[in-house]
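For the sequence shown, full-length UniProt numbering gives the first residue as 1, with consecutive numbering after it.
Each remark here refers to the structure printed beneath this line.
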Amino acid sequence: MESLSVQSKEEPQIKKRTSANLSSLLDSTNVLNVADMSNCNTVSGRTLQKRGSFQFAKKSSFSKKGSSSRSADLGDDQIQGSDTKERHEDGKSYLFRMNSDFDRKKYYEETVLKIMNEMSVSKIIEPQGCSQFGERFPNKSPHKRTIFLDLDDTLIYVSILKIDNELLKGHQIELESSGGQIMKMYVYFRPGLYDFLDSIYENFEIVLFNNGSLAYTESIVKLILENSPAGKKDYFSHVLSKEQCSANDSGHEIKNLEHFCNFDSNREINDCLIIDNNIYSFQKHLTNGLLIDKFEGNSNDDWLEILKLYISDKFCGEASIIDIRKTISSDFNFDRIVNNTRTSMIRQMMNKNLIVEALLQEENMQHD
């Protein structure tokens, strides 16, 4: 099908962020054309994919901004009482960002506790052919360690509207829906994307693991590689999509690393990291996962920079022999969270027993 030309017209200035669930459209579309949009006008839309694993009142990907997160939105001269350069040179700056903001830390720990409590009763539906994933997607890189890297809202931001920010270069992508409708989408790379990819590429196999459709995911990968300063450097050993995701009984996707860490895969689970803005995506591997804030088109976003430093400090060089799960478990105090989980489960059991006893007493009183 012929790609449509872009109509140049002034876009309305909208200050409020819009939210649109585009996953159903993206999953039923074909990619037609990609074009650069150097001068983009408008706002930011919101997520591409429906995220999360349990029916949870809070958002499944953390985007609420506390004091630490807000500091990334300001210029260096506007951040009071902090030295951005020193924080970035500190290998613990990722931990500082995660732990210093009360809301972010509370969300993380409460969600981990909730996942631990509900995992035993949640039914997981595995993807077809998952027993062959290790053989189909083996590690052929020279590195023993692997990073499974999310795409949407982690590396890129996609909106149906343009962003009015000269510091963000937009790329237009045209999609055709199953009904023949043409949709124009604007793709924005997270600041520091290529520095981040170049850094981890030196020490890790990189597997892109998105929960969108394969056609959509491959089109974005092509866009990333074509615009690489390194000249179409192929960062990704494999590109995985929703076809390789497991699902819980609510139909939400889970990225189960066990399918890619068997004898045929040349990978060990203790050498695997998964990075995602949605903690529910790695709910089966909480101590393999690093949570990152959702990228929403902010040109001052520096999460990839601080994450790059944390990974280099914690998982490379002499640290490369240490079990990844032990490092994350220690840094995020999982022993305390597990103890809280046990306490929570005991309380739930006690409450259930109290309710049963109360009902029995009431029933006996009625019979008397």
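A virtual CB, placed ideally from N, CA and C, is assigned to each residue, including glycine.
Quick caveat: nothing in here was measured; it's all calculated off a predicted structure.
### Task
Please state if the CB of ASP301 and the CB of ASN210 are separated by a distance shorter than 8 Å.
no
### Task
Determine the burial state of PHE133: buried for a count of at least 16 other Cβ atoms within 10 Å of its Cβ, exposed for fewer.
buried
### Message
Determine whether the beta carbon atoms of SER265 and ASN256 lie at a separation below 8 Å.
### Response
no
### Query
Is the segment 286 to 296 touching the segment 162 to 169, taking contact as three or more C-beta pairs under 8 Å?
no
### Ranges of the beta strand (DSSP E) found wholly within the segment 225 to 254, counting only runs of at least 3
238 to 240 and 246 to 248
#### Entry: Residue burial classification, PRO142 (beta-carbon count within 10 angstroms, cutoff 16)
exposed
### Task
Leaving out five residues on either side along the sequence, give the residues of the same chain with a beta carbon under 8 Å from the beta carbon of CYS261.
GLY134, ARG267, GLU268, ILE269 and CYS272
### Task
State yes or no: is the C-beta of GLU205 within less than 8 Å of the C-beta of SER237?
yes
#### Entry: Chain-order list of residues whose beta-carbon lies under 6 Å from that of MET183 (same chain, five-residue window excluded)
LEU175
### Query
Is the CB-CB distance between THR327 and LYS308 below 8 Å?
no
### Query
Under a Cβ-count criterion, where at least 16 other Cβ atoms within 10 Å of its own Cβ denotes burial, should ILE147 be classed as buried or exposed?
buried
### Query
Smallest Cα separation from PHE334: which of GLU109, PHE102 and SER100?
GLU109
### Task
Consult DSSP for VAL207 and reduce its assignment to one of helix, strand or coil.
strand
#### Entry: Selected residue, minimal CA-CA separation from HIS171, among LEU197, LEU223 and GLY179
LEU223
### Task
Within the same chain, show all residues whose beta-carbon is closer than 7 Å to that of ILE311, passing over the 5 residues directly before and after it, in chain order.
ILE200
### Message
If distances are taken between C-alpha atoms only, which option among ILE115, GLN244 and SER219 comes closest to residue 431?
### Response
Any question about residue 431 goes unanswered here, given that the chain covers just 1 to 368.
### Message
Within a Cβ cutoff of 8 Å, which residues of the same chain sit near SER24, ignoring the five residues on either side of it in sequence?
### Response
Note on SER24: pLDDT 46, under 50, position unreliable in the model; no value is reported.
### Query
Leaving out the 5 sequence neighbours to the left and right, which residues in its chain are closer than 7 Å to GLU154 when beta-carbon positions are compared?
According to the sequence as given, residue 154 is Thr; it is not Glu. Closer than 7 Å at the Cβ level, and outside the excluded window around THR154, lie ILE275, ASP276, ASN277, ILE292 and PHE295.
### Query
Which residues bound the beta strand (DSSP E) around PHE189?
182 to 189
### Query
Going by C-alpha distance, which of VAL239, SER320, LYS233 and LEU286 is nearest ILE254?
LEU286
#### Entry: Whole-Å CB distance - ASP234 paired with LEU225, under 8 Å assumed
6 Å
### Query
Would DSSP call THR154 helix, strand or coil?
coil
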